[in-house]
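full-length UniProt numbering numbers the first residue of the sequence shown as 1 and each following residue consecutively. Just so it is clear, CB atoms sit at the ideal spot from N, CA and C, and this is done for glycine as well. None of the values given here were measured: they were computed from a predicted structure. First comes the structure, then the notes that go with it.
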Amino acid sequence: MDRGLRLLYLVADAPGGLTVTEAATRLGIGRAAVYRLVAPLIDHGMLRRDSDGKLRLGVGVLHLARRAQPLLAEGALPALRRLAEQAGATAHLTVVEGGDGVALAVVEPSWTSFHVAYRTGARHPLDRGAAGRAILAGRAGMSEPVSSSGELQSGAYGVAAPVLGVPGLEASVGVVALAPLDVDTVGPQVLAAATAVSTALR
């Protein structure tokens with residue numbers, strides 16, 4: 001079981017796929033052992049073999065990911081509620097799906113007269129908006145908050161920070177508002193919320 005899970009992680013971290021030989025080398029086991037691991041993973045849709053013989057993730061992984069998303073949202077909600085109330089802005093957890101950022105959980109502040117109505121499931125490119133750019137910063141090992149102004153919608157301002165330290169998860173926590181956000185004030189709040197989400201999801 002341990003080797004099979006390690007194999008899945010190795011394949012997930014190899015965008016171009018892995019040959020059986022490469023997988024055997026990285027796992028420190030023989031090719032025959034890799035073939036024994038691969039067969040049931042292919043049967044269950046967790047892995048597939050391309051025409052070039054490389055191992056890639058299968059659609060079964062997507063099924064598991066869809067089942068896990070509600071658990072991620074549930075784990076993030078307490079930190080998002082605190083953040084929305086502190087910042088007086090709509091708070092959100094954004095995760096990577098394909099090449100986009102997708103809002104997985106959204107919490108609006110209870111005490112403001114006006115706030116951004118940001119819907120769960122909203123999708124945007126990772127290189128636009130604070131949430132996506134925070135995820136890209138996290139990939140580069142940076143944890144500092146990222147801000148944006150009008151990148152996804154005219155008149156909307158965002159601050160976000162990456163969620164780090166959760167294996168297999170690329171995500172950010174952020175806020176979006178209709179007025180400019182003071183990054184010196186909101187940035188630490190967003191960073192604290194991202195840390196709280198990371199702790200809750202580990």
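- Contact holds between the stretch 145-153 and the stretch 121-134, because three or more Cβ pairs, one in each stretch, are under 8 Å apart.
- Straight-line measurement puts the Cα of A32 at about 42 Å from the Cα of D127.
- The Cβ atoms of L104 and A73 lie closer than 7 Å to each other.
- Fully contained in the UniProt domain "IclR-ED" (53-202) are the following beta strand (DSSP E) runs of length 3 or more, in chain order: 55-57, 90-97, 100-107, 123-125, 146-149, 157-163 and 171-177.
- Selection G30, A14 and P15 evaluated against R3 yields G30 as nearest (Cα-Cα).
- Nearest to G60 by alpha-carbon distance, out of M46, L201 and G174, is M46.
- By the C-beta density criterion, A179 is exposed, having fewer than 16 other C-beta atoms within 10 angstroms.
- Distance from A194 to V163 at the Cβ level is roughly 5 Å; contact confirmed, criterion being Cβ atoms closer than 8 Å.
- With respect to the 7 Å criterion, A160 and G174 are classified as neighbours on the basis of their beta carbons.
- Looking at the backbone, the Cα of L27 and that of M1 are separated by about 13 Å.
- In this structure, V116 keeps its C-beta atom at 7 Å or more from the C-beta atom of V190.
- Between the alpha carbons of V197 and A68 lies a gap of roughly 15 Å.
- T185 and A171 have their alpha carbons spaced roughly 22 Å apart.
- The beta-carbon distance between L93 and A76, rounded to whole angstroms, is 4 Å. This is short enough to meet the 8 Å contact definition.
- When rounded, the separation of the alpha-carbon atoms in V95 and Q153 is 19 Å.
- Taking a 10 Å sphere around the C-beta of A87, we find 16 or more other C-beta atoms and assign the residue as buried.
- At a Cβ-Cβ threshold of 7 Å, V102 and R123 count as neighbours.
- Distances from the alpha-carbon of E108 to those of T120, R139 and G99 put T120 closest.
- For L37, the uninterrupted alpha helix (DSSP H) segment begins and ends at R31 to D43.
- Between V20 and V34, the C-beta spacing is below 7 Å.
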